[in-house]
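Notes for the one structure printed next.
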Amino acid sequence: MVSVFRYHEISESSHRIMNPLSLDKLLLLGDICRVGGDTRQLDLACGKGEMLCLFASNLGGGGVGIDIHAPFLSDARARATELGVERAVTFIEGDAADPPDLGGRFDVVSCIGATWIGGGLTGTLELMRQWVAPGGWLLVGEVYWAEPPPPHVSQKRASGQEFADLAGTLDHFDAAGMDLVEMVLASPEDWDRYAASQWLNVSEWLVANPDDPEVSDIRSQRDLSRRDYLADERHCLGWGVFVLRALG
């Protein structure tokens, strides 16, 4: 079975934003959090680093991104150079659940679509709390149920996860001592562009690499994820970035 990192490396090869948010919505998050010249941000499981690079380029500020997958970080550093912000942002290869000493706390701490790093939403919020400065912002990207899922979908997603509808997601934030102050949600069209573009990326890779030993696994993973999305997930899964502040 091909690793999840390898599959996403191929399926999101054309993506700079590795989640269902549009460019405008990503930049909106920076505006909401008042990102500016003095802002320091920590992005846990940063992927290709597009959030940090765009915030630094468009809004000022800077920060640190941590990710376990070296090819993503190579893309992130190249993007920082392309945008001229390589002195403002730093990318570290490592475990986002156990960062090294980063020299203090941050004005913004984000984890976008990777709450698996803390074993789920609750654990990841605790990780993020350790790094946010008093009065700072937390940005957590997470799946929620847009409508009640069929039992087989619920059972598949329930393993080690805490997915709920929007009200239930609020309950998770409340229980973690977090104040939900804003949110930016992906539209169905955002989801479609994110999912369907991956099918094309995989198709082009399969055509270009017919003799690669991973061909069968990559094709099988694409076929499975495509069917899951069209049969079930498109109708019942939502996705968004929730803007939080720690209480107390």
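Start counting the sequence shown at 1291; every next residue gets the next number (our numbering). Backbone N, C-alpha and C define an ideal beta-carbon position, used for all residues, glycine too.
Element boundaries [beta strand (DSSP E), containing residue i]
| i | result |
| --- | --- |
| M1468 | M1468 to L1475 |
| F1396 | F1396 to I1402 |
| V1533 | L1527 to A1536 |
| D1482 | That residue, D1482, is in no beta strand (DSSP E); its alpha helix (DSSP H) goes P1478 to A1498. |
| G1355 | G1352 to D1357 |
Contact belief for residue i with residue j at Cβ below 8 Å, rounded distance in angstroms
| i | j | result |
| --- | --- | --- |
| I1358 | D1385 | 6 Å |
| S1400 | M1341 | 7 Å |
| G1467 | G1538 | 6 Å |
Residue i, enclosing alpha helix (DSSP H) - first and last residue
| i | result |
| --- | --- |
| W1421 | L1411 to W1421 |
| I1300 | V1294 to S1301 |
| V1505 | V1505 to D1518 |
| G1393 | Here G1393 belongs to no alpha helix (DSSP H), and DSSP marks it neither H nor E. |
| A1465 | L1456 to A1465 |
Proximity winner among the options, relative to residue i (alpha-carbon distances)
| i | options | result |
| --- | --- | --- |
| L1490 | D1314, I1407, R1512 and A1360 | R1512 |
| G1374 | S1304, R1324 and N1348 | N1348 |
| G1408 | E1432, A1423 and G1394 | E1432 |
| L1411 | K1446, D1365, L1460 and Q1445 | L1460 |
| R1324 | V1398, W1435, A1457 and E1299 | V1398 |
| D1388 | L1363, R1367, V1379 and Q1420 | Q1420 |
| S1477 | S1493, L1319 and G1530 | G1530 |
| P1390 | G1355, D1314, R1535 and A1521 | G1355 |
| C1343 | D1328, R1377 and A1360 | R1377 |
| R1330 | W1481, V1422, S1493 and A1360 | V1422 |
| D1455 | E1437, H1442, A1465 and V1471 | E1437 |
| V1474 | R1296, S1301, L1415 and G1320 | G1320 |
| D1333 | L1527, L1318, G1352 and G1326 | G1352 |
| V1533 | R1395, D1502, E1472 and D1365 | E1472 |
| H1525 | D1502, E1452, V1443 and D1464 | V1443 |
| E1372 | A1346, N1309 and R1395 | A1346 |
Simplified DSSP state of residue i, which is helix, strand or coil
| i | result |
| --- | --- |
| L1373 | helix |
| R1330 | strand |
| V1443 | helix |
| P1424 | strand |
| E1523 | helix |
| I1307 | coil |
| G1431 | strand |
| F1381 | strand |
| K1338 | coil |
| F1345 | helix |
| S1408 | Sequence check: residue 1408 is Gly here, not Ser. Correct three-state label for G1408: helix. |
| R1324 | coil |
| L1362 | The displayed chain sequence assigns Phe, not Leu, to residue 1362. The answer is helix: DSSP assigns F1362 an H, G or I state. |
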